Every structure is written in structure tokens, then in C-alpha cells.
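J.: Residue numbers (full-length UniProt numbering): 1 to 628. There's a structure below that I have some questions on.
Right, dumping it as C-alpha cells:
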């Protein structure tokens, strides 16, 4: 079996894929006529080897009334390929695509659009033009086929169970509210679901372990990790889920998984089957931003803005794209005209330049909020672009990114384009102080006492009126609260149960400590005179410690400034970094000085006593600074 060269094996996702070798069966497309290629599957020939698949390619205009289906799939392992014949010329495709083609031929499908075969991937100019047409291609198809891969007994069982769940979901009117989390539902919708709670309990008992595992296995398939999945399914007129020869309409899949998730939210019955199906629901809702974006996109007549898409897709650490720029290109078809005009699809453009295009647009549209996702602290590795540009290779936004949003949430004014250059960002800001000491912190809650003692030692002899205990509590607590907000949005079922257990554990811990104190006739935690507000503060800290024991605190380190301010920031923080409040923001940022008044952005920061708009009421000295 002929394998692809190493240079051709880099693509496992999206529209940039391994292509057949010479002689090429591609003829140039006429872009002025909006041409695309369609693949025509030829029926099996009884005289040929049954493992032979023949097809032809034809050119046509996407503006015509075409009848074809579009395939949404994952490329698969490029080292394992099968031979097909395209216009009587050999082409090697992965076994996953070959399995899809053989199954679709068996199903009687004739005309298909498949990115791997309908785009000449060796021609970057053609790729750029065709990717711009992908939204039109998928929304014009009579059907989008979501191919999960070859089937087996377990997947067949899972597909059957999904269809049964969808039937039950229709009784609850769940398809009409598909895509909403429980906290987004109206009171009427919650009541309607609650009225069927008893049936939901019965449902959880019907779903045996095999059914649970079969659905989880389907949601673990590699397909769900593709970045391009979101656009391909969201713009589809009709979509079907296909695994082997089993088929489930996309709407039924959404309804079935929604039923499982909402049953857990409403009942919290803790049954074994319920816990299992909760895990299955989490796989879909917490790791698939396609579900969250689907309902938003359908309600939006002019397209999404890039900031909202970024929040969903950057949060998704499992989305894959072998070319970094596809983390932006994959969603352009969903965006409003302003965003799509600002970013040009061009595969000859370096990644850094594409990242800069997107960041400039976000700065004009969303203001300095963008800088919460930028900075040296959030770089996956070295990249030749300004520090204020978002690195889209960073595949997961951690809870630390939302800390400042939770604390200082407000309308961020956009910047004027005149202040955004090719490599420099011109801003006004007020200097607060400089970082003097950094306490490297593992992030595990058991290390908090060590960190607290270290902070107290550092504050000895310093001219500071800072209430150390209160400052430490305030510096640590927002991250944990932000963590909860983060998970409430994307991990509703799991985090609700976690906090219920944590709160219960917290109560038991306090009761146990109080009982021990009474028995031994000594104060809790060894403090001799904890009363009133101070006692409540200690109780709050004890509760915090109990709730999130052994949970990391957002990968943050504690720092102390020259004048005694206490704060925290990512572990990229260094002694000498300067704390600035930037005009248009109510939260501080850490900057690293370059030459003259030019700085690199490190990250946003939390500084005790400096959060919120009160800082600007003191009329601080404002200076012009340049980020590069």
C-alpha cells in the first residue's frame, strides 16, 4: 500500500488534506463563474473487484441549482490509506474517507462535495478561493452527512438508543429549546420539563450500562475534535449523523443529549445510570461548542461577531486544526460582514499575520478586553508577532482569563483604528508600581498556608498599610469564584454536583473543627481571639479551603510590588514587570519594559485595592505608552 510523504501527512483536519499524486486529475476552476468541483460516485461494476471504487469529477457553478451532498468528516490516519480511482487515475485516501465513500455508494448517493478531493490542496491560491466558498457549499447542499466512521455493534447500539431518546425528548418539547442550558431556560420551560421528571427517572433506569457506554463511545469519536465541524453543521439545511450504516438526524441527536443533560440538572438523583448519562451529556455539552453556538447562530440574522465565537472556540481545548490559521478561517463563514471583511483567507499568509488581522478587528470591535487573551504569558511557543496579538495556537483558555472579566465586567469601549499599527499599539495608561518579589505557587490549595506565611514574612518591615489577611483572601478568592463561573457556563452538570459536595464537606469540616475546639477548650485553628468580623473571615477562608481542596488555582503566582501592593498573575511574571492601568480598562495589566516608553504585554493581573473604576477617580498621571 502506498503511503503519503511526511510533508503530506501534516493534515488531519479541516479543508487542507493529503492529495493524490501526479498525474493530476485537476483542471483549473473558473473563479469568475464561481466554480466548484463535485465528485460523482459511479455504481459498482459486477465485473470488477468489489474493493474498487470509481468516481469522476465535474465542474459546476455554485450559483446553479445543484443537487449534491456535502461530507463532514475527519481525515484520519494519513499513514493508512486505500486506493480509489478518480477519472481512471489512482488516488490514495485514508481508510476513514474510503469507508465513507464505499458506504455512501452502497446507500445510492451519487453527487458529493468532499474537501480532500474537490479542492486541489497543492494550489494555495485555489485553496484560498475555495475555502471562502465553504459556507455557500455546505448551506447549498441538500444534506450534510456527518461521518463518524465505520460502525460496530457498540456504535449501532448507541445510534439506536439516541433515536429512542429523541422520541422521548419530543414529548417534552425539548427539540424546540435545544441548545439552551438549564439556567438559560424560561420558568415555563423549566416547569414543562419538571412535570416529566418521573418519566425521566424511569428513563435513567431503562438506560443500561451498555447503552451508556455506547453513547459515550460515539461522542468520543475523533470527528468531534475538528475545528471545521462547527461551520459545516451550523450552516447546513439538513444534517444527518452517520456511523457505518446507522443514521440519526442531527436534530434528534441534539434533542437526545439535551434530554440527558437536563434530566440531570432537574433531578440530581445520583443514580448509577444517571451519573453515567451525565458523563455522556457532559461529553457533548462541555466539550462541543457547536451546540452552544448552534442556537445563537440560528437566532442571529446577520452572523456572529468574532469575539463571541472566540470565547466559545478558544475555550474548547479539544478542537484541532493542523494549520494554526484554520482556527480563524474555520469560523469566518459564521461571522458578520464586518468581521469577514476584516480577515482575508489566504493560505500564503504567515500565521502571525492572520492572527494580527483578527486581533486588530477585535480591538476595534471589543476594545481592551482582547488583551485578556493576549500577552507573553499566553503564548504557546515563540512566534514572530507583537505581544498584544492573540496566539490562536494556544488551544485552551484557562479560568485565569476570566478572572478579570468576573471582577471588572463592564462594556469595553472599542479602539480607533488609528491607534492600531502593523506592529505597535498606541495606548494611554497610568503606572501603578513595579513587581518586586514573585512567590512561585504550585496552585494546589494545600500550599496556600505556605504561601500565606511567605507573604507575611515579605511584608515584615515594609511601609504598607495593607491588611495582609484580607488582601490574601481577596487575591485568591476571585480566581476560585471565576473558576466556578467558568464551569457554570460550560460544565453545568459536573460543577453543580462538585460545589454541592464541596459545600457539604465545608459544613462538616466546620462542625468537626468547632466540636474539636469545644472538647479541647481551645479556639479553632489555634487563633486565640477570633471574634466578630475576623471570625467570619476565618470561617470564609476555611470554607474556601474545604470546597476546593487540591484544586489548582488557575496557574497563578503571587507578587508583591515595591510599594507593597499584593497581586497575582500567570507564572510568566518577572521581577521588574510594571503594573499599569490602561485607559479603557478597570483592571491592571503587567507590562515588560523595552526601549524608551515601549513595552511588551505580559498579561492582565489582579492587584488588591486596584480593581474597578475607583482607580480613575483619583485622577492619576496618564502617559502615552506603546505596546509592541
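Quick reminder that beta carbons are idealized off the backbone N, C-alpha and C, glycines included. Small disclaimer: the values here were computed from a predicted structure and weren't measured.
Provide the residue span of the beta strand (DSSP E) that contains residue 242, from first to last.
T.: Start and end: 239-243.
J.: Residues in its own chain within less than 6 angstroms of residue 563 by CB, not counting five upstream and five downstream?
T.: Closer than 6 angstroms at Cβ, skipping near neighbours: 433.
J.: Measure the C-alpha to C-alpha separation of residue 177 and residue 303 and round it to an integer number of angstroms.
T.: Residue placement at residue 177 cannot be trusted, given a pLDDT of 46 that sits under 50; what the coordinates show is reported in the next sentence. C-alpha separation (whole angstroms): 20 angstroms.
J.: With a threshold of 6 angstroms on Cβ separation, who are the neighbours of residue 126 within its own chain once the five nearest residues in sequence on each side are excluded?
T.: Excluding residues within five positions, the ones whose Cβ falls inside 6 angstroms are 120.
J.: Locate the beta strand (DSSP E) running through residue 37, then write down its first and last residues.
T.: Here the beta strand (DSSP E) through residue 37 covers 35-41.
J.: Figure out for me which residue from 104, 109, 217 and 85 has the closest Cα to the Cα of residue 117.
T.: Comparing Cα positions, the closest option is 85.
J.: Pick helix, strand or coil for residue 588, following the three-state DSSP scheme.
T.: In the structure shown, residue 588 sits in a strand (DSSP, three-state: E or B).
J.: For residue 570, which beta-bridge partners are listed by DSSP?
T.: Paired residue(s): 556.
J.: Cα-Cα, which of 334, 53 and 83 is closest to residue 106?
T.: Of the listed residues, the one whose Cα sits closest to residue 106 is 53.
J.: Ordered along the chain, which non-local residues of its own chain (more than five positions away) have a Cβ less than 8 angstroms from that of residue 58?
T.: Excluding sequence neighbours, residue 58 sits near 37, 38 and 40.
J.: Decide if the segment 86-94 is in contact with the segment 148-165; the criterion is three or more beta carbon pairs, one per stretch, under 8 angstroms apart.
T.: Cβ pair count under 8 angstroms is below three, so no.
J.: Around the C-beta of residue 362, are 16 or more other C-beta atoms found within 10 angstroms, so that it is buried, or is it exposed?
T.: Buried, by the Cβ-count rule.
J.: Is residue 231 near the ligand MG, judged by its Cβ being under 7 angstroms from some heavy atom?
T.: Of the ligands one can find in the structure shown there are none, so the ligand MG has no counterpart to examine.
J.: Based on DSSP bridge pairs, tell me the residues matched to residue 249.
T.: DSSP lists 240 as partners of residue 249.
J.: Thinking residue 131 and residue 329 are a contact (beta carbons under 8 angstroms), I'd like their distance in whole angstroms, please.
T.: Rounded, the Cβ-Cβ distance is 6 angstroms, consistent with contact.
J.: On the three-state DSSP scale, how would you describe residue 323?
T.: Looking at residue 323 - three-state DSSP - the assignment turns out to be coil, as it is neither helix nor strand.
J.: According to DSSP, is residue 171 helix, strand or coil?
T.: Helix at residue 171.
J.: Using the rule of at least 16 other Cβ atoms within 10 Å of the residue's Cβ for burial, across every protein chain shown, is residue 27 buried or exposed?
T.: The residue in question, residue 27, is exposed, as its Cβ has fewer than 16 Cβ neighbours within 10 Å.
J.: Determine contact between the segment 371-385 and the segment 591-608, defined as no fewer than three beta-carbon pairs at a distance below 8 angstroms.
T.: Yes, the segment 371-385 is in contact with the segment 591-608.
J.: Between residue 256 and residue 166, how many whole angstroms is the CB-CB distance? I'm expecting something under 8 angstroms.
T.: With a Cβ gap of about 5 angstroms, residue 256 and residue 166 count as contacting.
J.: Could you pull the start and end residues of the beta strand (DSSP E) that residue 599 belongs to?
T.: Run containing residue 599: 598-604, per the beta strand (DSSP E) assignment.
J.: Below 8 angstroms on the Cβ atoms is my contact criterion, and I expect residue 139 with residue 227 to pass it. Report the Cβ-Cβ distance as a whole number of Å.
T.: With a Cβ gap of about 18 angstroms, residue 139 and residue 227 do not count as contacting.
J.: Taking the beta carbon of residue 50 as the centre, do at least 16 other beta carbons fall within 10 Å, making it buried, or is it exposed?
T.: With fewer than 16 Cβ atoms within 10 Å of its Cβ, residue 50 is classed as exposed.
J.: Alpha carbon to alpha carbon, how far is residue 232 from residue 72?
T.: If you take the alpha carbons of residue 232 and residue 72, they lie about 7 angstroms apart.
J.: Thinking C-beta only, is residue 426 closer than 8 angstroms to residue 437?
T.: Their beta carbons are not under 8 angstroms apart, which means residue 437 does not touch residue 426 by this criterion.
J.: DSSP beta-bridge partners for residue 111?
T.: The partner list for residue 111 (beta bridge, DSSP) reads 40.
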